Amino acid sequence: MKYAGYSKQNPPIHFLEEELRNREYEIALLKEIGDAVSSELSLEKVFRLVAERARTLVQAETLLIPIINTECTHYSYRAGVGKNVDEIVGEALPLNSGICGWVWHHKRPWWRGVLAELDESEKTKWEHEAGNVIVVPLIGKRHFLGGIAGINKAGGGDFTKRDLDLLTMFASQVSVAIENATLFEESERAKLKAEQYHLELKNLNKELAEANTKLKHMALHDPLTELPNRTLVLERLQQCILATKRENKPFAILMMDLNRFKEVNDTLGHDVGDELLKCVSTRIQTVLREIDTFGRLGGDEFIFIIPDADVDGALLVSNRLMAVLKPLFEIGDYHLYVEASFGIAVCPQHGTDVSTLLKRTDVAMYIAKRAHCDYFVYDPAEDLNSPQRLTQLTELRNAVNENRLELFFQPKKYLPTGNVIGVEALSRWPYHGNYILPSEFIPAMEQTGLIRPFTEWVLDTALCQLSEWRRSGFPISMAVNLSMYNLRDPQLPKMLSELIQKWEIEKGSLILELTESAVFQDSGHMLETLTRFESMGVGLSIDDFGTGYSSLSYLKKLPIREIKIDQSFVHDMTTDKDDAIIVHSTIDLAHNLGMSVVAEGVESQEILDHLLELDCDIAQGNHISQAQPPGPCLDFIKEHIG
Ligand code: C2E
Ligand code: MG
Ligand code: MG
Numbered sequence: 000m001k002y003a004g005y006s007k008q009n010p011p012i013h014f015l016e017e018e019l020r021n022r023e024y025e026i027a028l029l030k031e032i033g034d035a036v037s038s039e040l041s042l043e044k045v046f047r048l049v050a051e052r053a054r055t056l057v058q059a060e061t062l063l064i065p066i067i068n069t070e071c072t073h074y075s076y077r078a079g080v081g082k083n084v085d086e087i088v089g090e091a092l093p094l095n096s097g098i099c100g101w102v103w104h105h106k107r108p109w110w111r112g113v114l115a116e117l118d119e120s121e122k123t124k125w126e127h128e129a130g131n132v133i134v135v136p137l138i139g140k141r142h143f144l145g146g147i148a149g150i151n152k153a154g155g156g157d158f159t160k161r162d163l164d165l166l167t168m169f170a171s172q173v174s175v176a177i178e179n180a181t182l183f184e185e186s187e188r189a190k191l192k193a194e195q196y197h198l199e200l201k202n203l204n205k206e207l208a209e210a211n212t213k214l215k216h217m218a219l220h221d222p223l224t225e226l227p228n229r230t231l232v233l234e235r236l237q238q239c240i241l242a243t244k245r246e247n248k249p250f251a252i253l254m255m256d257l258n259r260f261k262e263v264n265d266t267l268g269h270d271v272g273d274e275l276l277k278c279v280s281t282r283i284q285t286v287l288r289e290i291d292t293f294g295r296l297g298g299d300e301f302i303f304i305i306p307d308a309d310v311d312g313a314l315l316v317s318n319r320l321m322a323v324l325k326p327l328f329e330i331g332d333y334h335l336y337v338e339a340s341f342g343i344a345v346c347p348q349h350g351t352d353v354s355t356l357l358k359r360t361d362v363a364m365y366i367a368k369r370a371h372c373d374y375f376v377y378d379p380a381e382d383l384n385s386p387q388r389l390t391q392l393t394e395l396r397n398a399v400n401e402n403r404l405e406l407f408f409q410p411k412k413y414l415p416t417g418n419v420i421g422v423e424a425l426s427r428w429p430y431h432g433n434y435i436l437p438s439e440f441i442p443a444m445e446q447t448g449l450i451r452p453f454t455e456w457v458l459d460t461a462l463c464q465l466s467e468w469r470r471s472g473f474p475i476s477m478a479v480n481l482s483m484y485n486l487r488d489p490q491l492p493k494m495l496s497e498l499i500q501k502w503e504i505e506k507g508s509l510i511l512e513l514t515e516s517a518v519f520q521d522s523g524h525m526l527e528t529l530t531r532f533e534s535m536g537v538g539l540s541i542d543d544f545g546t547g548y549s550s551l552s553y554l555k556k557l558p559i560r561e562i563k564i565d566q567s568f569v570h571d572m573t574t575d576k577d578d579a580i581i582v583h584s585t586i587d588l589a590h591n592l593g594m595s596v597v598a599e600g601v602e603s604q605e606i607l608d609h610l611l612e613l614d615c616d617i618a619q620g621n622h623i624s625q626a627q628p629p630g631p632c633l634d635f636i637k638e639h640i641g
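In my numbering, the protein residues as written are 0 to 641.
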């Protein structure tokens with residue numbers, strides 16, 4: 000607003016009217032800006048509005064809003080309109096710099112009129128720009144906020160006292176709105192920061208939880224194979240022991256040691272060894288159930304905890320493990336063949352605490368390993384760990400592997416005619432000039448897995464002999480004894496059918512003798528296995544009948560065609576009435592069920608006569624002939640074939 004040419008005390012009337020209009024306009028402008036700004040919470044918008052309106056109000060070429068930061072360390076131009084604002088806005092300056100610094104310091108507005116109050120040195124300092132600049136402080140209810148600065152009056156000249164008053168009034172009107180918007184912005188920023196912090200905290204927590212899980216995993220797992228380590232295995236073992244005590248169900252522990260693994264490490268290097276261990280553990284996991292624990296104790300020693308398993312269950316598992324290890328392992332350029340030895344112990348049979356069970360499984364594994372057997376079931380009855388016993392076991396294994404066992408044959412007489420109709424193959428182990436009987440070595444074979452190769456040898460030898468005798472014109476049958484471990488061997492049916500083909504064995508001429516207990520062990524699979532044998536033309540006989548708990552009615556459900564009354568009943572049947580009754584009724588019942596009856600252990604003519612009276616079909620025993628090598632046995636057959 001210009002007053003040039005008029006005295007302020009005596010203005011003309013039209014000038015007063017214009018002045019009044021101007022005042023009204025200014026008041027309206029102030030009111031409008033007050034309304035506009037107070038309803039706005041966005042600080043940027045408030046600043047822009049303030050800058051625009053203030054510029055109009057004082058007609059400045061450039062209008063800037065310098066704001067002091069919260070920490071009161073500097074101020075910066077937060078908004079501006081007019082000339083060169085783009086270069087200025089955003090610039091941060093020290094608190095004491097420029098005319099603004101003066102305003103902050105004195106908490107007073109700056110305009111040309113201030114010059115008169117300054118001392119000479121300050122006057123000189125500010126003189127040249129005093130009129131071009133007008134700065135009024137922005138003072139909120141709580142803080143000193145900064146100011147509103149006009150630079151260069153539009154159209155030239157200095158900012159006037161009137162400009163100062165207007166801008167001061169304007170500043171007082173907008174300062175609260177600016178303070179509010181600043182606080183709002185700060186609270187928004189704080190909220191955002193808190194949210195970010197919260198998110199960061201959440202992420203940190205997640206990372207911490209992951210790290211914890213990882214740490215826990217590392218503490219309980221083997222780093223190479225990722226399998227449970229000794230600590231975790233011991234923990235699981237303890238849990239299984241408690242479950243066994245609670246539920247009265249057994250569980251089995253198997254310890255596995257790879258054979259000749261050291262050679263792999265020593266000759267092919269540890270990398271190949273490590274890779275092999277990884278491959279072995281991966282492959283093994285494919286045949287285990289989720290509830291089984293498979294851990295690595297260190298080196299090439301692994302452990303299995305098999306819930307709900309007794310010795311038979313453990314043998315099934317070890318069979319499965321041996322089978323899965325059979326195919327070659329391809330490690331880089333190498334094709335490696337892996338064999339393992341298993342030690343087996345069962346809770347509660349072999350122990351009911353962690354250390355005893357582990358010790359006994361370890362002993363069993365040690366025996367299996369030393370004797371080069373597939374497995375060994377811990378046996379508390381015998382100290383198989385003694386050097387003599389181990390030597391004997393090793394010798395037995397060598398005898399099996401080198402086919403040094405022998406088969407003897409004991410003839411069976413058909414009572415109605417008195418003719419020999421068959422023989423039973425009975426094995427013998429020639430040992431330092433004597434023959435060791437099967438009762439001495441078969442349990443050890445069953446404990447060590449030797450029973451499989453041994454039975455294969457027995458069947459092969461017996462069928463070879465049978466085929467030779469039949470081809471020579473003696474139409475006899477051959478009975479071969481099977482262990483209950485054989486019956487659980489999934490490879491047995493295939494092996495048997497191959498041997499039958501190999502020796503061209505006619506239907507009905509091979510009889511397999513199974514003990515009652517073997518047939519009773521696993522009746523679920525038994526029917527399937529026995530039916531399969533029957534379909535191969537193999538006759539099935541129940542050995543040692545009367546010593547177990549089988550009933551004839553149960554046996555009738557199986558494809559059994561013959562029972563052999565145990566020699567303990569036959570032996571005393573002429574002197575013990577009860578035994579005589581048992582033999583008598585067994586013969587009658589078996590006949591009623593369509594089975595034929597063999598009496599074993601016939602030691603006298605008296606017994607033989609009695610059996611004939613009771614309608615017994617077949618007799619076998621030392622009175623007829625002892626078990627003999629093939630030559631003498633054939634001589635006997637020749638004499639008694641009829
Ligand atoms: P087993 O199958 O009941 O065989 C009959 C056993 O009684 C044979 O004993 C035989 O020599 C014996 N014996 C025969 N007649 C008489 C007699 O008049 N009086 C007496 N006191 N004994 C007689 P061995 O050869 O010692 O066989 C014992 C058991 O070993 C067999 O009983 C059979 O269960 C088992 N066994 C024999 N050879 C094999 C085999 O190759 N494999 C399997 N798994 N078991 C076999
Ligand atoms: Mg027998
Ligand atoms: Mg018998």
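Where a beta carbon is used, it is the ideal one built from N, C-alpha and C, also for glycine. Note that the structure is a prediction, hence the values are computed from the model and not measured.
Per DSSP, H73 is one residue of the beta strand (DSSP E) stretching across H73 to G81. Those residues placing their Cβ nearer than 5 Å to any heavy atom of ligand 2 are, following chain order, N480, E512 and D542. Distance from the CA atom of M168 to the CA atom of T72, rounded to whole angstroms, is 27 Å. Going by DSSP, A189 is part of the alpha helix (DSSP H) stretching over K160 to L219. The shortest C-alpha to C-alpha distance from I475 to any of H197, D616 and L633 is the one to L633. Cβ contact annotation for F260 (same chain, cutoff 6 Å, sequence separation greater than five): D299, in chain order.
When rounded, the separation of the alpha-carbon atoms in F303 and V232 is 9 Å.
Under the three-state reduction of DSSP, G97 is assigned to helix.
Between I66 and L144, the gap from beta carbon to beta carbon is short of 8 Å. P474 is bridged by DSSP to nothing; it lacks a bridge partner. The straight-line gap separating the alpha-carbon atoms of I177 and E90 is approximately 19 Å.
Minimum Cα-Cα distance from E86 among the listed residues P93, K501 and R77 corresponds to R77. Per DSSP, reduced to three states, the secondary structure at V345 is strand. In this structure, E455 is the residue among E515, G154 and E455 with its C-alpha nearest to the C-alpha of Q490. Ligand 3 has a heavy atom closer than 7 Å to the beta-carbon of E599.
According to DSSP, residue pairing for K412 in a beta bridge involves V419 and A618. A buried status is given to E515, since no fewer than 16 other beta-carbon atoms sit within 10 Å of its beta-carbon. Within the same chain, Cβ atoms closer than 8 Å to the Cβ of Q464 are found at L406, F408, A424, M477 and P629, the five residues on either side in sequence being excluded.
For H334, the enclosing beta strand (DSSP E) stretches over residues Y333 to L335.
M255 is positioned such that its CB atom lies closer than 8 Å to that of A339. The Cβ atoms of F250 and I305 sit closer than 8 Å to each other. Cα atoms of L315 and C346: separation of roughly 16 Å, rounded to the nearest angstrom.
For G312, the CB contacts under 7 Å within the same chain, skipping 5 residues up- and downstream, are A251 and I305 in chain order. Residue environment for T447: buried (at least 16 other C-beta atoms within 10 angstroms of its C-beta). Beta-bridge partners of R427 (DSSP): E405.
The three-state reading of DSSP puts M255 in strand, counting E and B together. Going by C-alpha positions, R359 is about 11 Å away from D352. Residue range V353 to R369 is occupied by the alpha helix (DSSP H) that includes T355. Remark: the C-beta of I441 is in contact range of ligand 1, defined as less than 7 Å to any heavy atom.
DSSP links S595 through a beta bridge to E561. In this structure, V49 lies away from I26, with their beta-carbon atoms at least 8 Å apart.
Under the Cβ criterion (8 Å, minimum of three pairs), the region 156–170 counts as touching the region 129–148. A Cβ-Cβ contact shorter than 8 Å links M535 with L495. Taking 7 Å as the cut-off, the C-beta of P415 does not count as close to any heavy atom of ligand 1.
Rounded to the nearest angstrom, the gap between the Cα atoms of T243 and G350 is 11 Å. Between the region 593–610 and the region 618–625, the count of C-beta pairs closer than 8 Å reaches three or more; the two stretches touch.
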